[in-house]
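Below is one structure, written out as structure tokens, with a few remarks after it.
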Amino acid sequence: MALQQLTFTVHDPEGRAQRVLFTVDPGTATGELVLTGDGGATTQHRLTTLQKSQDGKRLTCQVNVATATLSIVDTESPPRLHIVARLFFPVLDMSYTLSRAEQERLVAWIQTLELAIVS
């Protein structure tokens, strides 16, 4: 299976834009999440054991030894991308806003990924 990629823009709580490059290899259920800020600073995360929800609004994965959940909250305006990583307790809890069009594009992309469905 070929790598699947999606690029979109989110805004952190201070309103700063972050460019997101999300790459997934459905064949191995692995991927990479790269965030690039306005100043060019890049944060890169290797994702393993990727699974998705049936509705395309949630991804779960392992990031190093933490379990991470990426949830799309579309009931708020603007929509949010909520990221939580846990060991035994949350070690990261961040929310980013994104446009309605970007949110819809992200959900549609997740739905097309050939990944296991999270229960």
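Heads up: the sequence shown runs through residues 1046 to 1164, numbered per the numbering used here.
Note that beta-carbon positions come from the ideal geometry of N, C-alpha and C, so glycine has one too.
- Excluding the 5 residues flanking it on each side, valine 1118 has same chain C-beta neighbours closer than 7 Å at Pro1124, Arg1125 and His1127, in chain order.
- For glutamine 1049, the beta-bridge partners assigned by DSSP are Val1069.
- Contact check for glutamine 1096 and valine 1152: beta-carbon distance about 16 Å, past the 8 Å limit, so the pair fails to qualify.
- Excluding its 5 nearest sequence neighbours in each direction, arginine 1131 has C-beta neighbours in its own chain below 7 Å: Ala1111 and Thr1112, listed in chain order.
- Going by C-alpha positions, threonine 1052 is about 13 Å away from serine 1144.
- With contacts defined as CB atoms closer than 8 Å, valine 1065 and leucine 1080 qualify as a contacting pair.
- Around the beta carbon of leucine 1160, 16 or more other beta carbons sit within 10 angstroms, so the residue counts as buried.
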